[in-house]
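Residue numbers (this note's numbering): 1 to 221.
Glycine included, every Cβ here is placed at the ideal spot set by N, Cα and C.
Since the model is a prediction, treat every value here as computed from it, not as a measurement.
Inspection log for the structure reproduced underneath, given as C-alpha cells.
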Amino acid sequence: MIVSQKKPFEEVLGYLDDVETVVLTGCADCASLCKTGGEDEIAELTAALEAEGKKVLASKVLTTSCSLLLNRKELKEIKDEIKAADAVISMACGDGVQTVAKNVKKATYPSNDTMFVGETVRQGVFQEMCKTCGECVLGRTAAICPITRCGKSLLNGACGGSKDGKCEVIPENECAWIEIYEKLKEVGKEAELEAVQPLRDYKDRTYPQTIDLRKQAKKGA
C-alpha cells in the first residue's frame, strides 16, 4: 500500500492565502488506512479550515483517488461545489492528488506527504518494503528486498558494519543481509549468495513511466 502522513496544518493553510472556499476529497483506500484521508480526517480538516475562516463547500471520500475514470465519475456528484470552489484539497497520496487535479479545473493542493510503499504490520503500523525500482531482485534474496531493507541498499551481501545482527545505519533495524542469509539457509539455497550481482544501470529508469497493457498485448499477438 502507499503510506502517507499528514502535512503540518500550517503548510496546508499556506497554500490557501488567496482562497476562501474549498472542496475536500479523500481516499477510501490507502489514505483511509493511514488515517490521512478518511471520513474522520476530512471532518478534522474541515473544522480546522473553518476555524481559520475558510469555507468547505463539499467533501467526498473517493473509492480510490488514483483511478482516473472512477475518480471522474465520483467527482460528478459534487461537480457544482467544485465549480464554485476556489480550490480543491486532495487528502490522498501524491498519485491521488495528481489524478484528482486532472479531473478538476481548479487549483489542487495536497494535505499529505507520501512516504513509501509499505506493509501493514498491524493497525496503524507500516513498514517500508519496496522502492518500486523496476528491477526486482527478490527471487535471488529470499523475498527480502536489500534495496529497501538494507540501510545502504547493498546488492552483494552485508557491509561488515552490523553489530549483534543490527543495521549499522539504523541500529534498531535487523541487518537485512543477515535475514537474507538465514532465510536462504532455511530453504537450502544459501549457495545462491555466491553469485555476484552486477551494478545497476539506472539510465533505463527514465521518468515519468507509462505501462500500457493493451499495447503489450498487441505486440504479443
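G26 is bridged by DSSP to V61. The bridge partners DSSP lists for T120 are F126. For K6, the enclosing beta strand (DSSP E) stretches over residues I2 to K6. Following the DSSP letters along the chain, one finds I147 inside the alpha helix (DSSP H) bounded by residues P146 to R149. Relative to I180, the option among V169, L199, G157 and S162 whose CA is nearest is G157. Distance from the Cα of V56 is smallest, within the candidate group I170, E81, C130 and L62, for E81.
Note that the C-beta distance between A101 and V22 is not below 8 angstroms. Looking only at K60, V104, T64 and A217, the smallest Cα-Cα distance to L24 is reached by K60.
Residue pairing from DSSP places D113 in a beta bridge opposite Q5. The beta-carbon separation of C27 and M115, rounded to 15 angstroms, does not stay under the 8 angstroms limit for a contact. Taken through DSSP and simplified to helix, strand or coil, T46 comes out as helix.
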